[in-house]
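Everything on this sheet refers to the single structure shown next.
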Amino acid sequence: MDRIQLADFLKVRRAAIRPGDAGLPEGPRRRTPGLRRQEVAQLAGISVEYYIRLEQARGPKPSRQVLGALARALMLDRDQRFHLFHLVDELPESDSSREVPPTIRNLLAGLQDFPAYAVDAGYEMLAWNAKANLLMGYLDRLSPQERNILRTSFTGPHAPAQLADPRAQAFLQDCVSDLRASLARSPGDTRLRALVDELLRTSPEFGEMWADHRVAVRRVQTKSVVHGQFGPLEFDCQVLDVPGTAVRLVVYVPQPDSPTAAAFAHMSASAPVILETPSRPA
1 MDRIQLADFL
11 KVRRAAIRPG
21 DAGLPEGPRR
31 RTPGLRRQEV
41 AQLAGISVEY
51 YIRLEQARGP
61 KPSRQVLGAL
71 ARALMLDRDQ
81 RFHLFHLVDE
91 LPESDSSREV
101 PPTIRNLLAG
111 LQDFPAYAVD
121 AGYEMLAWNA
131 KANLLMGYLD
141 RLSPQERNIL
151 RTSFTGPHAP
161 AQLADPRAQA
171 FLQDCVSDLR
181 ASLARSPGDT
191 RLRALVDELL
201 RTSPEFGEMW
211 ADHRVAVRRV
221 QTKSVVHGQF
231 GPLEFDCQVL
241 DVPGTAVRLV
251 VYVPQPDSPT
261 AAAFAHMSAS
271 APVILETPSR
281 PA
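Counted from 1, the sequence shown has number 260 at position 260 by UniProt numbering; the numbering is strictly sequential.
Listed below in structure tokens is the structure:
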């Protein structure tokens with residue numbers, strides 16, 4: 001915990017807030033800009049003495065609850081909130097929104113050359129473009145229950161065949177390692193925890209992979225598949241986080257002028273269609 005940097009950050013943010021923005025009277029007798037220490041403490045629901053000690057770089061390490069209260073009192077945006085948590089060596093509050101932003105939907109629709117889809121941290125398919133549907137051949141026929149890649153791969157009707165394929169096993173191990181990394185970043189995510197508990201109950205193969213305790217965020221990996229119509233395909237699977245959300249964009253990118261690039265180019269040029277998972281309770 002960096003007490004000096006924390007104290008400086010709190011003082012700078014306190015001075016940047018006008019009382020009126022925090023719902024407080026401006027008053028004619030203010031001698032300093034921004035909020036008073038007493039006002040920040042009141043807004044955060046903590047004692048004035050405790051807050052003063054934080055600004056004097058001699059306070060104890062704040063709890064996550066206090067950090068959240070200070071972030072609200074000081075009207076911090078997402079990046080400032082993350083910085084506050086990092087100053088005290090705490091994991092920031094996780095991004096939990098699974099709604100695909102309009103810009104990402106438009107980006108998917110405009111990716112004419114590359115199959116692409118959006119997933120959340122638990123590998124729930126949220127949206128995809130027509131090229132991805134043409135390549136995979138089944139996305140538009142999936143039921144809501146089948147749209148979770150991990151659930152389908154480990155417990156679906158085709159799971160035994162997938163789990164017998166070494167390439168599929170390697171891919172799923174990478175997904176499980178990535179899932180563990182996501183849970184470590186967001187330990188309070190009840191949706192992720194429920195998915196892990198469900199798969200531990202229903203799939204011995206998932207249990208074996210989970211027991212390996214491998215942790216690795218998926219970023220980019222090379223995949224090789226044999227497609228029934230287009231034959232052998234090889235491409236890089238690039239995973240891109242969408243800041244401020246729990247959404248990740250996955251894009252299949254072949255090498256330029258490769259047979260896979262030619263196969264992608266020969267796929268139907270029908271207008272991209274975006275499909276989204278219906279909202280379900282956590």
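Glycine included, C-beta positions come from ideal geometry on N, C-alpha and C.
For residue i versus residue j, is the C-beta spacing smaller than 8 Å?
i: residue 253; j: residue 114; result: yes
i: residue 74; j: residue 4; result: no
i: residue 192; j: residue 200; result: no
i: residue 105; j: residue 127; result: yes
i: residue 196; j: residue 101; result: no
i: residue 327; j: residue 248; result: Because the chain in this structure spans residues 1 to 282, residue 327 falls outside the shown range and cannot be described.
i: residue 84; j: residue 76; result: yes
i: residue 67; j: residue 10; result: no
i: residue 44; j: residue 15; result: no
i: residue 233; j: residue 225; result: yes
i: residue 178; j: residue 151; result: no
i: residue 267; j: residue 134; result: yes
i: residue 155; j: residue 190; result: no
How many Å lie between residue i and residue j at the Cα?
i: residue 6; j: residue 167; result: 48 Å
i: residue 173; j: residue 237; result: 15 Å
i: residue 123; j: residue 212; result: 20 Å
i: residue 61; j: residue 52; result: 13 Å
i: residue 262; j: residue 107; result: 22 Å
i: residue 149; j: residue 143; result: 12 Å
i: residue 82; j: residue 103; result: 23 Å
i: residue 240; j: residue 138; result: 23 Å
i: residue 59; j: residue 80; result: 20 Å
i: residue 125; j: residue 227; result: 21 Å
Decide if residue i is buried, meaning its Cβ has at least 16 other Cβ atoms within 10 Å, or exposed.
i: residue 222; result: exposed
i: residue 176; result: buried
i: residue 244; result: exposed
i: residue 117; result: buried
i: residue 260; result: buried
i: residue 1; result: exposed
i: residue 49; result: exposed
i: residue 265; result: exposed
i: residue 194; result: exposed
Between residue i and the rest of its own chain, which residues show a CB-CB distance below 6 Å, the 5 nearest in sequence each way excluded?
i: residue 13; result: 74
i: residue 207; result: 200
Quick test of your reading: residue i and residue j, contact by CB under 8 Å. State the CB separation rounded to the nearest angstrom.
i: residue 120; j: residue 147; result: Actually they are not in contact, since the Cβ atoms of residue 120 and residue 147 sit about 10 Å apart, beyond 8 Å.
For residue i, which residues of its own chain have a beta-carbon under 7 Å away from its beta-carbon, when the five flanking residues on both sides are left out?
i: residue 153; result: 159, 162 and 172
i: residue 47; result: 41
i: residue 169; result: 163
i: residue 33; result: 15
i: residue 235; result: 223, 252, 253, 254 and 260
CB-CB under 8 Å to residue i, same chain, minus the five flanking residues each way: which ones, in chain order?
i: residue 39; result: 19, 22 and 24
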